[in-house]
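Just so you know, the sequence shown maps onto residues 14 to 79 in the numbering used here.
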Amino acid sequence: MNIRLNGDSFEVNPGTTILGLVLKLELDPKSVAVERNLEIVPKSLHGDVELSDGDNIEIVEFVGGG
Numbered sequence: 014m015n016i017r018l019n020g021d022s023f024e025v026n027p028g029t030t031i032l033g034l035v036l037k038l039e040l041d042p043k044s045v046a047v048e049r050n051l052e053i054v055p056k057s058l059h060g061d062v063e064l065s066d067g068d069n070i071e072i073v074e075f076v077g078g079g
């Protein structure tokens, strides 16, 4: 399946969830916000929402600093 990830084409397996994508990207699930097709997906649903072919996903990672 092909999705758009932060503006770039990206291949995922059918049945991949948002959480699965975040983990595949080696990101900390606690430190990201995810938008799917222009709608924010609550963290509580990341493990339940399966990606579909053609989805437009934007992932923002929060980074602390000082």
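Where a beta carbon is used, it is the ideal one built from N, C-alpha and C, also for glycine. Computed from a prediction, not measured in an experiment: that's the story for all the values here.
Residues sharing a beta bridge with residue i, DSSP
i   : result
V73 : A46
N15 : E24
V54 : V47
T30 : E63
Best match in the options for proximity to residue i [C-alpha to C-alpha]
i   : options          : result
S57 : S22, D66 and T30 : T30
L34 : E71, F75 and I53 : E71
E74 : D68, P42 and G67 : P42
P27 : G78, G67 and V76 : G67
G77 : S44, V25 and F23 : S44
Supposed contact pair residue j and residue i - C-beta distance, whole angstroms, cut 8 Å
i   : j   : result
L51 : I16 : So it is not a contact: roughly 14 Å between Cβ atoms.
H59 : L38 : Actually they do not touch by this definition, with Cβ atoms about 13 Å apart.
Residue i at chain D interface by Cβ criterion, 9 Å
i   : result
P42 : In the displayed structure, chain D is absent; only one protein chain is listed.
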